[in-house]
Every structure is written in C-alpha cells, then in structure tokens.
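Here is the structure we will look at, set down as structure tokens.
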Amino acid sequence: MGSAPVVVERWEGLECATQLDVVLPMYKDVWVEPPYCEGVKGIADFIDRFAQEVRLPRARLVIARCGTQPVGYAFGYPLPPDTGWWKAMEEEPTAEVAAETGERTLAIVELAVRAGWRRRGVAARLHAGLLDGLGVERVALAMRSEPEAAPAHAAYAAWGYRQVGHWRPADGEPVSHIMLLTLPVAAAPANR
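Residue numbering for the sequence shown follows our numbering, beginning at -2 and increasing consecutively.
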C-alpha cells in the first residue's frame, strides 16, 4: 500500500478512452467481487459501454494513484436532455426529477476502489475530483442493494445522497437503488 500520497488525475471526453488500459484491470479487480460477480460478458459489456460513453458531452474520468499504482477510478457524464436514465426507474419519476438539460445532473456510472485502498478516503477524493468545476446541480447513481454493498451505501449517505427510487436496467438484471445528491447552490456575489 505504500506511503506515497494518493494523487487524483482527470481526463475529459475522448481523452478518457486513452486510459482504458489503466481502468480495465481495476474494473476486473473490483467488479468480480460480490455482489457484482462480473464475468467475461460483463467485462466485454463494460468495454463497449465505456467506448460509447466517452463520446458523450463532458464525459469525465478520474483515476487515483499511489505512486505509479492505480488504486481507484470514477467515471461519469452529465445526463443529456433525451436521457433514458429516469425512464428505467420502477417508480414513475416526477417531471421535476426527470427534467434534464445536459448540464443539470452528473450520472456517476463507475466509482471503484481496489480492496486494499477502501475506507481510506480514496472514494471521497474520486467523487470530489469528478465533480470539481463541472457546475451541475445534482449527482445521480445506481447502486446494488445486496448486503455486500452496505459500506458503499453508508458512504453515499454520509455524502448526502438519498434514495429516490429503484432501477432494473434490463429483464433479469438485479434491482439497483437510484441515489440522488443535490449540490449546494453557490452564493451569487452581492451587488455593490
């Protein structure tokens, strides 16, 4: 685990694709664990999805390293106005919740930290690095409900996320909780 400080680096848009060789080994390390248990198909689906999602406007990737060792990553993008994200919810979202502009909501689609680096603040640093300077109003993510995901649930709750619904991305897929974090509005400068 080393004593070098953890550094977070960021890539935007198509630059993210250049980091697949760094992200993929971490993806394999983290997502093979329960409750995810990703196999060959899940890994191939991730590669295909990542190749498409890096093309979305303002896609962003952050990678945490300790020295030269990658220890975690997070990836997301602002939801486009025509997103199907909210339509996948089992509950009918209100028009206010589902309204997207392309700048309102950051969807975090990946946030993973290697086992030896968990509970050391790496996930919080990745989360902050993903949001830094993006200027969105809120953040959405889907997370599994199995007991193995309890530490992640606790972290998201501590960061201010609340559950707003359930999501089943496809028939036969496990249900995930849809979590939403409303960000504080920056105070406007006072007129003098």
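Beta carbons are placed, not taken as given, at the ideal position from N, Cα and C, and that holds for glycine. On a predicted model such as this, the values are computed, not experimentally measured, just so you know.
Tell me where the alpha helix (DSSP H) around residue i begins and ends.
i    : result
W156 : Unbroken run through W156: none, as it is neither H nor E.
V20  : 17 to 28
R46  : 37 to 50
V94  : 92 to 95
Quick one: what's got a C-beta closer than 7 Å to residue i's C-beta in the same chain, skipping five residues either side?
i   : result
G73 : R57, L103, A104, I105, V106, L127
F43 : Y24
S35 : Going by the sequence as given, residue 35 is Glu instead of Ser. Excluding positions up to five away in sequence, the list reads W28, V29.
So if DSSP puts residue i in a beta bridge, which residue, or which two residues, is it bridged to?
i    : result
T179 : R135
V59  : R7, A71
G113 : Bridge partners of G113: none, in fact.
L130 : Checking the sequence, you will find Gly at residue 130 rather than Leu. G130 pairs with nothing; no bridge assigned.
H124 : For H124, which the question treats as bridged, DSSP gives no partner whatsoever.
If the criterion is Cβ atoms closer than 8 Å, does the pair residue i and residue j meet it?
i    : j    : result
A155 : V119 : no
G64  : A149 : no
R13  : V37  : This sequence places Cys at residue 13; Arg is not what is there. No, Cβ-Cβ distance for C13 and V37 is not below 8 Å.
A41  : H124 : no
E134 : L180 : yes
W83  : P90  : yes
In chain order, what residues of the same chain have a beta carbon less than 6 Å from the beta carbon of residue i, not counting five sequence neighbours either side?
i    : result
H163 : E87, V172
P22  : none
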